[in-house]
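The block underneath contains the structure these notes are about, expressed in structure tokens.
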Amino acid sequence: MKVAQRLAAKLTRVTDWAIFARLHRPESSAVHAEAVRSTCTSNDRDVFVAVAEGRPVGFAAVALNAFHERMGVVDIIAVDPDYQHRGIATRLRQPSAEHMRTHGMDIAAVGTGGDEGHRPARGLYESLGNTALPGVRYLKLLN
1 MKVAQRLAAK
11 LTRVTDWAIF
21 ARLHRPESSA
31 VHAEAVRSTC
41 TSNDRDVFVA
51 VAEGRPVGFA
61 AVALNAFHER
71 MGVVDIIAVD
81 PDYQHRGIAT
91 RLRQPSAEHM
101 RTHGMDIAAV
111 GTGGDEGHRP
121 ARGLYESLGN
131 TALPGVRYLK
141 LLN
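Here it is, written out as structure tokens:
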């Protein structure tokens, strides 16, 4: 596997398997696909792509100074379901963190869901030395 910076081609394939991860809420697939597309093509993000067998199998999108000055944020990290549990997400976090350090970030942030489906992600982040902060996010439908 090779990790390359900038996602250029095969974006449809990436959004297809990123959507696969959201199958528990199929009605949100189009919205999720657009979120992946816009994140991966944004000039405000740097995207690290894991490539295996000549195709993208994972990616991490990093924003610098996103919420606070000197804080880097991994907006999205995803791995093709056929390539999960092979250490790809771990290998994507390494260049993401180094990229943040190189650009003067003091803090690296990543978020994930609190549900059972995101338990592996929480385990990964904790194994890499991240600390979970307690918090509650309140939402209200406006329409």
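Numbering-wise (our numbering), the sequence shown opens with residue 1 and increments by one. Using N, Cα and C, we set each Cβ at its ideal position, and we do this for glycine too.
What did DSSP end up calling residue i once you bin it into helix, strand or coil?
i	result
P56	strand
D46	strand
L124	helix
A35	helix
H118	helix
T131	coil
Y83	helix
A30	helix
With C-beta atoms as the reference, is residue i less than 8 Å away from residue j?
i	j	result
A66	I77	no
D80	G114	no
A108	G72	yes
L133	H103	no
R93	A60	yes
Output the boundary residues of the beta strand (DSSP E) element that contains residue i.
i	result
M71	71-79
V110	107-110
From what residue to what residue does the alpha helix (DSSP H) around residue i run?
i	result
A89	88-102
Give me whichever residues DSSP pairs with residue i in a beta bridge.
i	result
A61	V47, I76
List the whole-angstrom C-beta distance separating residue i from residue j, where the pair is believed to meet the contact cut-off of C-beta under 8 Å.
i	j	result
F48	S96	6 Å
V62	R37	Not confirmed; about 17 Å, so no contact.
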